[in-house]
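Novice: If you count the sequence shown from 1, position 99 lands on 99 in UniProt numbering, and the numbers rise without skipping. The structure under discussion is supplied below as structure tokens; questions concerning it will follow.
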Amino acid sequence: MLEGEAEAPSNIAIVKYWGKRGDPKLNLPLNDSFSISLDALKVKTRVTFDKSLMKDEVIINGKKLPEDKTVEYAGKVLNKLREISGTKIYAKVESYSNFPESAGLASSAAGIAALTLASAKALGLSLDTKELSIIARIGSGSACRSVFGGFVIWHAGTSDKGDDSFCESMFPYDHWEELVDIIPIFSEEKKQVSSRQGMKLTTTSSALLKCRLDFVNNTFTDVIESVKNRNPQRFFQLTIRHSNSMHAVMLDSFPPLIYLNSFSLDVIRAFGDGNIAGYTFDAGPNPHIFTLRKNLNVVKETLDKLGAKKIIISGISPGPRLDGF
Numbered sequence: 001m002l003e004g005e006a007e008a009p010s011n012i013a014i015v016k017y018w019g020k021r022g023d024p025k026l027n028l029p030l031n032d033s034f035s036i037s038l039d040a041l042k043v044k045t046r047v048t049f050d051k052s053l054m055k056d057e058v059i060i061n062g063k064k065l066p067e068d069k070t071v072e073y074a075g076k077v078l079n080k081l082r083e084i085s086g087t088k089i090y091a092k093v094e095s096y097s098n099f100p101e102s103a104g105l106a107s108s109a110a111g112i113a114a115l116t117l118a119s120a121k122a123l124g125l126s127l128d129t130k131e132l133s134i135i136a137r138i139g140s141g142s143a144c145r146s147v148f149g150g151f152v153i154w155h156a157g158t159s160d161k162g163d164d165s166f167c168e169s170m171f172p173y174d175h176w177e178e179l180v181d182i183i184p185i186f187s188e189e190k191k192q193v194s195s196r197q198g199m200k201l202t203t204t205s206s207a208l209l210k211c212r213l214d215f216v217n218n219t220f221t222d223v224i225e226s227v228k229n230r231n232p233q234r235f236f237q238l239t240i241r242h243s244n245s246m247h248a249v250m251l252d253s254f255p256p257l258i259y260l261n262s263f264s265l266d267v268i269r270a271f272g273d274g275n276i277a278g279y280t281f282d283a284g285p286n287p288h289i290f291t292l293r294k295n296l297n298v299v300k301e302t303l304d305k306l307g308a309k310k311i312i313i314s315g316i317s318p319g320p321r322l323d324g325f
């Protein structure tokens, strides 16, 4: 048997991508993105390649996935790594996450990153982080960012093959130690339209999508500079604008995509000026709110008044670990 273990962090994009180009199986984004890896939410994975197995098996938090879900979750990554290593042995994947159940927080990025790292280790493959991020991207787009800690850039690339669509670290996790992510849980409902379906709808129907891509390209360097210079107000304001621009094209899609709810709008009203905090929403109603540690209690008090059921506080992750158990 060949065994490998890894732990990978979740990540949240500040400059987001919403829409893919080319072959949908390769998960190639329309634009570059910039993310922060989070130390509070992570996935630990053990992968065992065993000649006695007749098919791949995936167990997540003690629950075995049915065969179709196993292929959907792990098939692309495992098949790619088997191809590279020249083996045909099936694998047993055991993953454990500390993501709150029914919190609406996607764990797939951390899960697929951990799967990629643990599988490559088990097979004895000497792949660099660029190569690992490309393989993780094939499994789940945002997973490529969780191969790194700190502040991460995902280059969209231009190649149809995807060989230039990869991630790299921009700043280490301790570059901005005062920065903290507050994740309030307002809703536990499962979204009605998946991100994959939503992106496809937006790319085929939104007249505003080109405007958003222009905005992303024109302000990408500004976001990087705000982090480089540790400029909180500039960072908060750009974080808000990038979140708003993505949800604008969602709403402009037809039929409209509405991932936010009344609690989300309360957060937007409370922190929309970007003075002490900056919010960002993925395809869901629960925000990530960045602030400085000195303002942590003020932000938490506001979120409590708005009705948050649970509040998660996260620092910035140093990155994956090649053990985890």
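Glycine included, every Cβ here is placed at the ideal spot set by N, Cα and C. Only a predicted model underlies this, so the values are computations on that prediction, with no experimental measurement involved.
To the nearest angstrom, how far is it from the Cα of V299 to the Cα of M54?
Specialist: Their backbone Cα atoms lie some 52 Å apart in a straight line.
Novice: Quick one: using the 10 Å Cβ neighbour count with 16 as the cut-off for buried, is S253 buried or exposed?
Specialist: Answer is buried; the Cβ neighbour count reaches 16.
Novice: Do the segment 23-32 and the segment 212-228 touch if we need at least three Cβ pairs shorter than 8 Å?
Specialist: Because the criterion of three Cβ pairs below 8 Å is met, the segment 23-32 and the segment 212-228 touch.
Novice: Counting C-beta neighbours from all protein chains within 10 Å, is the total for E5 16 or more, i.e. buried, or is it exposed?
Specialist: Answer is buried; the Cβ neighbour count reaches 16.
Novice: Just to check my reading of the structure: S317 and D56 have Cβ atoms closer than 8 Å, yes? What is that Cβ distance to the nearest angstrom?
Specialist: Going by Cβ atoms, the distance from S317 to D56 rounds to 28 Å, so no, they are not a contact pair.
Novice: Whose C-alpha, out of E83, K88, A110 and I89, is nearest the C-alpha of Y73?
Specialist: Of the listed residues, the one whose Cα sits closest to Y73 is A110.
Novice: Please report the distance separating the alpha-carbon of F236 from that of G284.
Specialist: Whole-angstrom Cα-Cα distance: 20 Å.
Novice: Determine whether the beta carbon atoms of S169 and A13 lie at a separation below 8 Å.
Specialist: Taking 8 Å as the Cβ cut-off, S169 and A13 do not qualify as a contacting pair.
Novice: I need the DSSP call for H175, collapsed to helix, strand or coil.
Specialist: In this structure, H175 counts as helix in the three-state DSSP scheme.
Novice: Quick check on the burial criterion: 16 or more other C-beta atoms within 10 angstroms. Buried or exposed for G319?
Specialist: Burial call: buried.
Novice: Label I183 either buried or exposed according to how many other C-beta atoms from any shown protein chain fall within 10 Å of its C-beta, with 16 as the threshold for buried.
Specialist: Buried.
Novice: The alpha helix (DSSP H) with P232 in it runs from where to where?
Specialist: From DSSP, the alpha helix (DSSP H) with P232 extends over P232 to D252.
Novice: Measuring alpha carbon to alpha carbon, tell me which residue in I153, K309, S205 and S95 is nearest G62.
Specialist: The shortest Cα separation from G62 among I153, K309, S205 and S95 belongs to S95.
Novice: Can L265 and L257 be called in contact, C-beta distance under 8 Å?
Specialist: Not in contact: L265 and L257 (Cβ atoms no closer than 8 Å).
Novice: Could you give the residue range of the beta strand (DSSP E) that holds T45?
Specialist: Where T45 is concerned, the enclosing beta strand (DSSP E) stretches over S33 to F49.
Novice: May I ask you to check if the CB of V298 is nearer than 7 Å to at least one heavy atom of the ligand NAD?
Specialist: As for the ligand NAD, it is missing from this structure, which has no ligand bound.
Novice: Which first and last residues belong to the beta strand (DSSP E) in which F151 is found?
Specialist: Segment F151 to W154, the beta strand (DSSP E) holding F151.
Novice: Which residues in the same chain as A118 place their Cβ atom closer than 6 Å to its Cβ, once the five residues preceding and following it in sequence are excluded?
Specialist: Taken in chain order, the residues that qualify are G4, E5, A6, T45 and V47.
Novice: Keeping to the same chain, check which residues put their C-beta closer than 6 Å to that of M246; ignore five residues upstream and five downstream.
Specialist: Answer for M246: K16 and W18, listed in chain order.
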